[in-house]
Amino acid sequence: MDSKEKELREKWNTINYYSGGALKLSVKHPLEWYVRYATPEHKSVVIVSQKALKKIDSSKCIDASCNQRKDGKYAISFTLMDRKQEDVFITMTGDIIEYSNVDTDDIALLKVLRRYNAWLKLLDHKSNAILGSNTQKGLIGELLFLKEKIEAGMAPSIALAGWVGPEGADQDFVYADCWHEIKATGISSVGISISSVEQLDRDDDGELVVYRIDKCAPDYPESFTLYGLVHNIIDLISQRGENPDELILKLGSAGYIDMKEYDKQHFRMSSKQIFSVSDSFPKIRRSDIPAEITNAEYQINIPSIKNWEKQ
Numbered sequence: 118m119d120s121k122e123k124e125l126r127e128k129w130n131t132i133n134y135y136s137g138g139a140l141k142l143s144v145k146h147p148l149e150w151y152v153r154y155a156t157p158e159h160k161s162v163v164i165v166s167q168k169a170l171k172k173i174d175s176s177k178c179i180d181a182s183c184n185q186r187k188d189g190k191y192a193i194s195f196t197l198m199d200r201k202q203e204d205v206f207i208t209m210t211g212d213i214i215e216y217s218n219v220d221t222d223d224i225a226l227l228k229v230l231r232r233y234n235a236w237l238k239l240l241d242h243k244s245n246a247i248l249g250s251n252t253q254k255g256l257i258g259e260l261l262f263l264k265e266k267i268e269a270g271m272a273p274s275i276a277l278a279g280w281v282g283p284e285g286a287d288q289d290f291v292y293a294d295c296w297h298e299i300k301a302t303g304i305s306s307v308g309i310s311i312s313s314v315e316q317l318d319r320d321d322d323g324e325l326v327v328y329r330i331d332k333c334a335p336d337y338p339e340s341f342t343l344y345g346l347v348h349n350i351i352d353l354i355s356q357r358g359e360n361p362d363e364l365i366l367k368l369g370s371a372g373y374i375d376m377k378e379y380d381k382q383h384f385r386m387s388s389k390q391i392f393s394v395s396d397s398f399p400k401i402r403r404s405d406i407p408a409e410i411t412n413a414e415y416q417i418n419i420p421s422i423k424n425w426e427k428q
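Here it is, written out as structure tokens:
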């Protein structure tokens, strides 16, 4: 637990809701930060600013608002509505404070909003802040594919628009000329999981892209972390003259928030295989199963689909 999170917990534990009031955080920051209780059950963080946030979204987990005070300043509050998400809410608050700690209050306020939006979807879908190892490997596979698309000359905005998996689409990437389902598995694995019938059930041809990704020691040749890969892509997008904000929002939808915790575990990618998913490719189709079966998960043996591998 870092110092900001520790102070947040201590301040909330100090406050008696029925006595009212709020406690100011001791952080050095261009904005004023306070903690309070909106109700006896709901923790709240309040930012006091000279300017308003004109558009700030709430969710089922966080109630956000911006109201003008009697002194002309604005109180921007984030109130936790789901107590099960308390640990993540506290981590989010500490992260936003650090991310928005810049020279001017105007820029700080913009960075607060940007970071909050990135956290919003995570809080709505997850009960903890850090992705599990297998989920990290799956995200790494998708990010490697995205990076390859940009490095091959595709505009970052187009590459990101085609990354639709984090938004709940059946396939991970869909472009005008082809769709792509990305799978990450270990070097010794002989199979991959297809988590729904719809993943490979399309009338148009697509690709199944399989990355071999494993944990490794930090000193392993060409090893990398998820955090490092994300920042590599952020730099790549910036070098192309585009804004990486869309990437940050997509990552938030995928359950990833940019934290140093993701810079600890190292991974290596040992190989990549691409398989053509055509009519003849072995897959389950929705039309082949009874309507009473709403979903099916199945395994594909990788050596057995050698005939569909692209060279």
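Residues in the sequence shown are numbered from 118 upward in steps of one, following my numbering. All residues carry an ideal CB built from backbone N, CA and C; glycine is no exception.
- Where residue 130 is concerned, there is no enclosing beta strand (DSSP E), although the alpha helix (DSSP H) around it starts and stops at 120-131.
- When the beta-carbon positions are compared, residue 314 and residue 413 come within less than 9 Å of each other.
- Bridge pairing for residue 390: 327 [DSSP].
- A distance of 9 Å or more separates the beta carbons of residue 195 and residue 212.
- Of the residues assessed, residue 324 falls on the buried side of the cut-off, its CB having 16 or more other CB atoms within 10 angstroms.
- Between residue 151 and residue 140, the beta carbon gap of about 6 Å places them in contact (Cβ cut-off 8 Å).
- Around the Cβ of residue 361, a 10 Å sphere holds 16 or more other Cβ atoms; the residue is buried.
- Distance from residue 346 to residue 257 at the Cβ level is roughly 6 Å; contact confirmed, criterion being Cβ atoms closer than 8 Å.
- Here residue 131 is exposed: its Cβ has fewer than 16 other Cβ atoms, across all protein chains shown, within 10 Å.
- The residue among 210, 426, 138 with its C-alpha nearest the C-alpha of residue 326 is 426.
- Between the region 272-290 and the region 375-385, the count of C-beta pairs closer than 8 Å stays below three; the two stretches do not touch.
- Here residue 385 is bridged, per DSSP, to 331.
- When rounded, the separation of the alpha-carbon atoms in residue 174 and residue 231 is 11 Å.
- Secondary structure at residue 272: coil, using DSSP grouped into helix, strand and coil.
- With fewer than three CB-CB distances shorter than 8 Å, the region 262-272 does not count as touching the region 196-211.
- Counting along the chain, residue 180 sits inside the beta strand (DSSP E) bounded by residues 179-185.
- The criterion of a C-beta distance shorter than 9 Å is not satisfied by residue 339 and residue 403.
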